[in-house]
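In what follows, a structure is listed as structure tokens, so that the remarks can point back to it.
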Amino acid sequence: MTVQTPTPFPMSDRLPEQVCFDRHELGNILAVYGRMVALGEW
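Take the sequence shown: its position 14, counting from 1, is numbered 1328 in the working numbering, and each next residue is one higher.
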């Protein structure tokens, strides 16, 4: 294995304006959230 200097990624000054989830993804996120709250973890 050779040692190489990491290649930097170009920086973006713009942040995404909005993050979106479809209904299926949001359902999965809320299911995990609900389980963790019920367990007292969050």
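Each residue gets a CB set at the ideal place from its N, CA and C atoms; glycine is no exception.
Closer than 8 Å by C-beta to TYR1347: which residues in its own chain qualify, once you throw out the five before and the five after it? Chain order, please.
-> TRP1356
Local conformation of GLU1355 per DSSP, three classes = coil
Nearest-angstrom Cα distance between ALA1352 and THR1319?
-> 46 Å
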